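Colleague: Pasting in a structure now, in structure tokens, and then I'll have a few things to ask.
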Amino acid sequence: AVVAPLTVPWIAVHLGWRWAFVFTGFFSAIWLILWLLLYRRPQQHPRLSPSELRYIQSDPFEPETKIPWLRLFPHRQTWAFVLGKSMTDPIWWFYLFWLPKFLHETHGVTLTGLGPPLVAIYIAADFGSVGGGWLSSSLLKQGWNVNRARKSAMLICALCVVPVLFVSQVKGLWPAVAIIALATAAHQGWSCNMFTLASDMFPRHAIASVVGIGGFGGAVGGLCISWLVSRLLQWTHSYAVVLFMAGSAYLFALLLVHLLAPRLEPVHIDYVTA
1 AVVAPLTVPW IAVHLGWRWA FVFTGFFSAI WLILWLLLYR RPQQHPRLSP SELRYIQSDP
61 FEPETKIPWL RLFPHRQTWA FVLGKSMTDP IWWFYLFWLP KFLHETHGVT LTGLGPPLVA
121 IYIAADFGSV GGGWLSSSLL KQGWNVNRAR KSAMLICALC VVPVLFVSQV KGLWPAVAII
181 ALATAAHQGW SCNMFTLASD MFPRHAIASV VGIGGFGGAV GGLCISWLVS RLLQWTHSYA
241 VVLFMAGSAY LFALLLVHLL APRLEPVHID YVTA
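As structure tokens, this is what we get:
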């Protein structure tokens, strides 16, 4: 997200758009090869010290288990996580796919000028992903319970997104970039707390399944918003409705999370040993 805006436009302009796909695909394949060469299980990793291995293996042993998805759906906590992801992940997809067009139409940013604004926005998102986790952890260290700490952090993130409602009315490129950067940082802060909700509410053997269902919901929402944004722009010739969705989705999602999981109560699920 940081390197691509600086390199892909230059490649597309000077070498053609096809080469932009060639270069990004090539370096993605290199990354995959390096991962396959370097990744090892902890027990087999040559650079893992015995003390680090003991720390990794210090958790109590749990039998390998299987959780049928149908056993997760009746729980309110499952729907709190799934709806929270489904309502907010699409906003991130909107930023990823529609920001260049938005910046071009509202501030005249050309393909070769997209690099600095997008880099600033995604660096802010990086800080937000760390800051969101730091915020809830700090509240926990101050003696707040998990429910209050997580939801307070998520509320702060949701409120930081609200100014994006008015970004299309802002004069000047960099003030608009600052508002969008705040929104993307807040999204990442929200997202890291959303993922933590799964481990707050579900036993270890169910977390991956719950996160998978939530990720599926977020991906479906991302698919839908791509279609919806294109239609709204055709019908209204304005980003007003889209930005209203982007600025308010987190508050509505937090309300649903709170209604479905008012205390983040742990879920007890029967499972079968694999």
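If you read the sequence shown in the numbering used here, its first letter stands for residue 1, the second for the next number, and so on.
C-beta: ideal position from N, C-alpha, C; glycine also.
Predicted model only: the values in this text are computed from it and were never measured.
Give the range of the alpha helix (DSSP H) segment to which F26 is assigned.
Modeller: Run containing F26: 17-38, per the alpha helix (DSSP H) assignment.
Colleague: Where do the ends of the alpha helix (DSSP H) carrying L223 lie?
Modeller: L223 -> alpha helix (DSSP H) spans 204-236.
Colleague: Comparing C-alpha positions only, which one of G132, W144, H107 sits nearest to S168?
Modeller: With distances taken between Cα atoms, S168 lies closest to H107.
Colleague: So, A120 versus V170, is the Cβ gap smaller than 7 Å?
Modeller: No, the Cβ-Cβ distance between A120 and V170 is not below 7 Å.
Colleague: Name the two residues that bound the continuous alpha helix (DSSP H) containing E283.
Modeller: This structure leaves residue 283 out entirely; the chain is present only between 1 and 274.
Colleague: How many Å lie between A4 and G25 at the Cα?
Modeller: Approximately 12 Å, taken between the alpha carbons.
Colleague: Once the 5 residues before and after C224 are set aside, which same chain residues still bring their CB inside 8 Å of it?
Modeller: Excluding positions up to five away in sequence, the list reads P90.
Colleague: Where V13 and T112 are concerned, what is the direct C-alpha to C-alpha distance, given to the nearest angstrom?
Modeller: For V13 and T112, the distance between alpha carbons rounds to 8 Å.
Colleague: Compute the Euclidean distance between the alpha carbons of A274 and R41, then round it to the nearest angstrom.
Modeller: Because the pLDDT of A274 is 48, which lies under 50, any placement of that residue in the model is unreliable, and the question is left without a value.
Colleague: For my contact list, I278 and V82 are in at a C-beta cut-off of 8 Å; report their separation, rounded to the angstrom.
Modeller: No statement about residue 278 is possible, as the shown extent of the chain runs from 1 to 274 and does not include it.
Colleague: Measure the Cβ-Cβ separation of G84 and V257 and say whether it is below 7 Å.
Modeller: Going by C-beta atoms, G84 is nearer than 7 Å to V257.
Colleague: Reducing DSSP to helix, strand and coil, say where H75 ends up.
Modeller: Correct three-state label for H75: coil.
Colleague: Buried or exposed for R362, please, with buried defined as at least 16 other CB atoms from any protein chain shown within 10 angstroms of its CB.
Modeller: No answer is possible for residue 362: the residues shown for the chain start at 1 and end at 274.
Colleague: Quick check: what's the CA-CA separation for K101 versus S191?
Modeller: Straight-line Cα distance between these residues: approximately 25 Å.
Colleague: Taking just the CA atoms, how far does Y95 sit from L264?
Modeller: Distance between the alpha carbons of L264 and Y95 is about 30 Å.
Colleague: Under a Cβ-count criterion, where at least 16 other Cβ atoms within 10 Å of its own Cβ denotes burial, should L139 be classed as buried or exposed?
Modeller: L139 should be labelled buried.
Colleague: Look up T184 in the DSSP assignment and say whether it is helix, strand or coil.
Modeller: The answer is helix: DSSP assigns T184 an H, G or I state.
Colleague: Would you call the stretch 126-139 and the stretch 235-248 in contact, with 3 or more CB pairs under 8 Å?
Modeller: Short answer: they don't touch.
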